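**Q** Going by our numbering, the sequence shown opens with residue 9, and the numbers climb by one from there. Glycine included, C-beta positions come from ideal geometry on N, C-alpha and C. Remember, it's a predicted structure, so these values are computed and weren't measured experimentally.
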Amino acid sequence: PAPEDIAERLGTEPGERLMRTRYVFRESGRPMMLSTSWEPLSLTGRTPVMLPEEGPLGGCGVVERMAAIETVVDNVVEEVGARPGLAEELALLGGVPGHVVIVISRTY
């Protein structure tokens, strides 16, 4: 279900069903970056792009995947900030409490 902050960014209702995909990007085997993607199932459900990493467009970018279901992505908003890393993030990245993470929120 859509958390309130994510629902607001996506223009959906809190609690609406979303597809959440989590990624860990690595460099030389070491975790360098985390990414979480949220997509409304009201848009992608029961389409070939419902599962971002599977199907004929698995692994393709958002713009290409949305074009496949005749949804035009013509606006991108990015917000960049920094904050103390959450315990789960630091555990995945090998950080310790107090480490700061850069946060980029990109909304299509």
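Considering Cα atoms alone, identify which of Gly69, Val88, Gly89 is closest to Val81.
**A** Gly69
**Q** Return helix, strand or coil for Arg38, following the three-state DSSP convention.
**A** Strand, per DSSP.
**Q** Quick one: what's Gly102 bridged to in DSSP?
**A** Note: Gly102 sits in no beta bridge, so no partner.
**Q** Would Gly89 and Val111 be called neighbours here (beta carbons separated by less than 8 angstroms)?
**A** The beta carbons of Gly89 and Val111 sit closer together than 8 angstroms.
**Q** Give me the DSSP bridge partner(s) of Tyr31.
**A** Bridge partners of Tyr31: Ser43.
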